[in-house]
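Structure first, then comments.
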Amino acid sequence: MWRSQAAYRVMLLLGTIALAGCATYSDSFGVIERNLSARQYDAALQDIEKQSDSKTGRTLYLLNKGMVLRMKRDFAASNQALELAKSEMEHLYAASVSENALSFIVNDATVSYAGDDYEQVLVHLYMALNYLELGQPNDARVEALQVDIKLREIGEKIPESKFTEDALSRYLTGMIYEELGEWSDAMIAYRKAYEAYKKYQVNYDMPMPDMLKLDLLRLAQRQGLKDELARYRKEFGIEPLRPGNHKPEQEGELVFVLNNGLAPIKREKVVGTWGPATSIVVDTSKSRKTEAPPPPVLYNIALPYYESRPNKVLGARISVSGKQVSTQMLEDIDAIAKVSLDSRMPAITARSIARAVAKGAIQQTVDRVGRGSDNDAAELISFFLVRVAAIATERADTRSWLTLPANVHLARLSLPPGSYTVAVDFLGKGNQVIATQEFPDVVISNKRKTYLSHHWISN
Amino acid sequence: MDWTKAKNGLTLWMVAAMVMAATGCSTAVTRMDAAEVKDLSGAWNDTDSQQVSEEMIKDVLDRPWFGEFSRSQGRPPAVIVGEVRNLSHEHINVNTFVADMERALINSGKVQFVASSTERQEVREERKDQDLNASEATRKPMGQEKGADFMLKGTINTIIDAEGKTQLRFYQVDLTLISMADNRKVWVGQKKIKKLVERSNLRF
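As you go down the protein sequences, you meet chains C and H in turn.
Plus 187 on top of the position in the first sequence (first one is 1) and you've got the working numbering.
Plus 73 on top of the position in the second sequence (first one is 1) and you've got the working numbering.
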C-alpha cells in the first residue's frame, strides 16, 4: 500500500508551500507600520479599520485605533476607542467555553484576545496621558485609580508574576496627585514607583530614574518625613534641590513624553516532526492481517517568540528658551513584553503539544477510514488532506498590541508661565542628532503641568 | 447507525444554530421607565444618580439653615453650584444629579439659584451684546447680578475591595453648602451606595 512514500512527501511539500500564504496576525501589520513611520496616520487608520469586524481581535483593533488617534493628537477620540477596549477586556474576563474548545483542536488564536497583563495596564496609562494632554487632570486621576485596581487584580491572580507593578503608571499617578495638591497620595504613589523600579532593575536591568529620586526627596521633605528623607539621601547620595532663586510657586512645568519606537512583534517558529502512529487509536482486533504498518503521523508545533523592532533613536533632548534637558527612560515595554511571554511559554508549549497529539489522533482516524475504502486515490487524498490541515491550522498566536512604543522616555522642565516653542532633538548612538522637531505654542500655566507627547517611529 | 435519524438531528441543530445566529443580527430596543432599576456592569448608573439626588433634596430642604437664613434676611437664600469633584475610580457624570437637585430646589420656591461661573460668562457676553444692539427699553444693565449666599460643593469617593471575581464597590457622595459670607458649612449631605459585583468566569 505504501508504494510511493516519496510521492506523499512531494505532495505534502507542495501543500506546505501553497499554505505559506496564510499569514498570522503580526504578518498583516507591515502596511500599517510603514504608514505610521511615514506619519500617514489617516492611511494607517483606514487599514486598522479593516479589522473592525474581527470577532476575536476586537480588543486589538480598538487598542491600535486609540493609539494611532493619539499619534494624530486626537486625544478625545483616542480615549473613546481605548474606553471601548477597556470594556471589551472586561467582557473577556469570562473565558469562553466554545472558543477554548475550538482552540484545543485548531490553535490559540481562536480565543478572543483580551490583552496581556501589561497591555491591560498600559491602556489606562495612555488614557491618563490623553486626559493630561487635554488638560483634564481630574479625569487622569480616575485612570490612575483604575490602574491601582487593575494591578491589585493581577497581583492577586498571579502572585509570582514579574509584572505586578507598573513603574511608569505609578510615577505618573504621583505626578497627577501632586498637581492636584494631594500630597500624601502623591507620596504613596512615588513610593510605589520606587518599589517598582527596584524590581525593574532586577527583571529588566533598568536603573531608577533620577527625577523620581528628586521627587521622593522633595515630597518627603514637604511632608516632614524625616526618617524617610534621611534614608533616601543616604541611598541616592543626593540632596533635595534648594529652591534657590527660582520660585517653584510661580512656575509651571513641562512634561515631555517620548513614546519611542514600536513594541516588539511576535513571530512564529514551527517545529514539525514525523512520528510513528501510536497505538491509542489503532484498534488491533479489527485490523486485517495483510496490512502494512500504519502511515506516519505529522506532529506540528508552532510557537510564538518576540522580535524587537529596529529603532535608531535612543533618547531625546528638549530645548525651551535656552534651557535644555535630556529625557530618561522610564518604561522598557520591549523588555516587559519579552519577560511576560517567557513566563507564559510553558503553558503555551503544553497546549501546543496537547494539540499536536490531538491532531495526530485525528490523522490516524482518517487514515483508518481511508484504508478501509480499498481505493488508493481516496486513501492518498485523505492522507494528504488531513496532514495539510494539521499544518495549516497549527499557527502560533502572534497577537499583541503592536502600536505600543518599545520604550517610554520622560523629561521634566520647570518654566515660568507663558507660551513657548519646544525644540526636540531625537538622539541616536553617541548623542548624535537624528532628527529635530519643533512644537510651537506650548502654553505653561502657573503651578500646572503641561504634558506634551510625541511618538517617534523610525522608517 | 440510523443515518436518516442522525441526519434529521443534524439538520435540526443547524436550523437552531442559524436561528440563534440570526437573532443577533438586528438591534433590539425596549423602552423602559426612567425609574426602573437595571444594573448592567455594576458601574455608576442612572439609578445611583437618581437615588443620590432624591436623598439630597429631601435632606437639604428639611434642615434649619434654610429657616434661619430667611428669618434673619427676610428673603430666600440664593445658591450657586460649585465644583462637585469626582474622586472615584470611574468617569462619573456628576451633572445629572446636580441638575436634578437644582430643579427640585428651584421648583420648591424656597431657594433661588444663581448661574454658575461658566453659565455666567455666556450671559455676560449676551449682555454686552445687548448693550450694543438691544433697544433702550429692553436693554439689561451690567453690574446688577445677584450674588449668591451659599455655594454647593461636593465630592464623590469610592472604595473598592476585590477578591477574585467578586468586587465590593462603595460609593460615598458628600455635598456641602458653604456660606459665602463667612465660610460656615451650613449643611452637609451624604449618601452611601454599596454594590456587590460578581463577575462571571465563563461565557459561551
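Cβ coordinates follow ideal geometry from the N, Cα and C atoms, glycine included.
Note that the structure is a prediction, hence the values are computed from the model and not measured.
Let me know the secondary structure DSSP gives residue i once reduced to three states.
| i | result |
| --- | --- |
| lysine 252 of chain H | The sequence shown places serine at residue 252 of chain H, rather than the lysine named in the question. Reduced to three states, the DSSP call for serine 252 of chain H is strand. |
| histidine 642 of chain C | strand |
| asparagine 222 of chain C | helix |
| glycine 342 of chain C | helix |
| valine 255 of chain C | helix |
| glutamate 438 of chain C | coil |
| valine 196 of chain H | helix |
| threonine 96 of chain H | Confidence at threonine 96 of chain H is low in this model, with a pLDDT of 47, below 50, so its placement is unreliable and no value can be given for it. |
| tyrosine 493 of chain C | strand |
| serine 506 of chain C | strand |
| aspartate 234 of chain C | helix |
| valine 512 of chain C | strand |
| aspartate 240 of chain C | coil |
| tryptophan 117 of chain H | coil |
| tryptophan 260 of chain H | strand |
| valine 310 of chain C | helix |
| phenylalanine 423 of chain C | helix |
| alanine 235 of chain H | strand |
| threonine 637 of chain C | strand |
| serine 126 of chain H | helix |
In the DSSP assignment, what residue or residues form a beta bridge with residue i?
| i | result |
| --- | --- |
| glutamine 245 of chain H | H/Asn230, H/Lys265 |
| asparagine 447 of chain C | C/Asn594, C/Trp643 |
| asparagine 487 of chain C | C/Gly459 |
| tyrosine 607 of chain C | C/Val629 |
| valine 133 of chain H | Answer is none; valine 133 of chain H lacks a bridge partner. |
| valine 187 of chain H | H/Ile153 |
| lysine 453 of chain C | C/Tyr493 |
| arginine 276 of chain H | C/Ser283 |
| arginine 599 of chain C | C/Val442 |
List, in order along the chain, the chain H residues whose C-beta lies closer than 9 Å to that of residue i?
| i | result |
| --- | --- |
| aspartate 326 of chain C | Asn159, His164 |
| valine 293 of chain C | Under the 9 Å cutoff, chain H gives no residues; its nearest Cβ is about 17 Å from valine 293 of chain C. |
| valine 556 of chain C | Here the premise fails: no neighbours, minimum Cβ distance about 14 Å. |
Just how far apart, CA to CA, sit residue i and residue j?
| i | j | result |
| --- | --- | --- |
| tryptophan 117 of chain H | arginine 555 of chain C | 60 Å |
| asparagine 498 of chain C | leucine 247 of chain C | 23 Å |
| isoleucine 621 of chain C | leucine 614 of chain C | 6 Å |
| glutamate 330 of chain C | histidine 641 of chain C | 20 Å |
| serine 632 of chain C | serine 508 of chain C | 16 Å |
| serine 283 of chain C | arginine 339 of chain C | 24 Å |
| serine 474 of chain C | lysine 242 of chain C | Confidence is the limiting factor: at serine 474 of chain C the pLDDT is only 48, short of 50, which leaves the residue's position unreliable, though a coordinate-based value still follows. Going from the Cα of serine 474 of chain C to the Cα of lysine 242 of chain C covers about 45 Å. |
| valine 389 of chain C | valine 218 of chain C | 36 Å |
| isoleucine 535 of chain C | threonine 297 of chain C | 14 Å |
| isoleucine 467 of chain C | alanine 548 of chain C | In this predicted model, isoleucine 467 of chain C has a pLDDT of only 48, less than 50, meaning its place in the structure is not dependable enough to derive any value. |
| valine 469 of chain C | phenylalanine 571 of chain C | In this prediction, valine 469 of chain C scores a pLDDT of 46, lower than 50, which makes its location untrustworthy; no coordinate-derived value is stated. |
| methionine 91 of chain H | asparagine 646 of chain C | Its pLDDT being 49, under 50, methionine 91 of chain H is placed unreliably in this model, and the coordinates cannot settle the point. |
| alanine 281 of chain C | glycine 411 of chain C | 46 Å |
| isoleucine 377 of chain C | glutamine 511 of chain C | Per the sequence presented here, residue 377 of chain C reads as tyrosine, with isoleucine not at that position. Taking the straight line joining both Cα atoms gives about 25 Å. |
| valine 259 of chain H | leucine 269 of chain C | 42 Å |
| glycine 262 of chain H | leucine 225 of chain H | 10 Å |
| isoleucine 229 of chain H | lysine 259 of chain C | 33 Å |
| lysine 238 of chain H | asparagine 287 of chain C | 20 Å |
Tell me the residue span of the alpha helix (DSSP H) that contains residue i.
| i | result |
| --- | --- |
| tryptophan 138 of chain H | 137-146 |
| serine 559 of chain C | Reading off the sequence shown, one finds glycine at residue 559 of chain C, where the question assumed serine. Note, glycine 559 of chain C: alpha helix (DSSP H), 520-559. |
| asparagine 287 of chain C | 284-292 |
| alanine 172 of chain H | 168-180 |
| methionine 276 of chain C | 262-278 |
| alanine 380 of chain C | 370-391 |
| methionine 362 of chain C | 354-366 |
| arginine 409 of chain C | 397-409 |
Which residue comes first and which comes last in the beta strand (DSSP E) that contains residue i?
| i | result |
| --- | --- |
| threonine 580 of chain C | Not the beta strand (DSSP E): threonine 580 of chain C falls in the alpha helix (DSSP H), residues 563-580. |
| lysine 219 of chain H | Taken as a continuous stretch (DSSP letters only), lysine 219 of chain H belongs to no beta strand (DSSP E), as it is neither H nor E. |
| threonine 211 of chain C | Element bounds for threonine 211 of chain C: n/a, residue is neither H nor E. |
| glutamine 624 of chain C | 620-631 |
| glutamate 156 of chain H | 151-160 |
So which residues of chain H does residue i contact, with C-beta pairs closer than 8 Å?
| i | result |
| --- | --- |
| alanine 281 of chain C | Arg272, Ser273, Asn274, Leu275, Arg276 |
| tyrosine 339 of chain C | Inspection of the sequence shows that residue 339 of chain C is occupied by arginine rather than by tyrosine. Neighbours of arginine 339 of chain C on chain H, chain order: Ala235. |
| serine 285 of chain C | Phe277 |
| isoleucine 336 of chain C | His162, Ile233, Ala235 |
| valine 575 of chain C | Within 8 Å Cβ-Cβ: nothing; valine 575 of chain C doesn't reach chain H, min ~26 Å. |
| valine 526 of chain C | Going along chain H, no residue has its Cβ under 8 Å from valine 526 of chain C, so there is no contact; the nearest lies around 25 Å. |
| valine 310 of chain C | Here the premise fails: no neighbours, minimum Cβ distance about 14 Å. |
So with CB distances below 7 Å, who are the chain H contacts of residue i?
| i | result |
| --- | --- |
| leucine 332 of chain C | His162 |
| valine 298 of chain C | Neighbours of valine 298 of chain C on chain H: none; closest Cβ ~12 Å, over 7 Å. |
Does any residue of chain D have a CB that is nearer than 7 Å to the CB of residue i?
| i | result |
| --- | --- |
| valine 629 of chain C | In the structure shown, chain D does not exist; the protein chains are C and H. |
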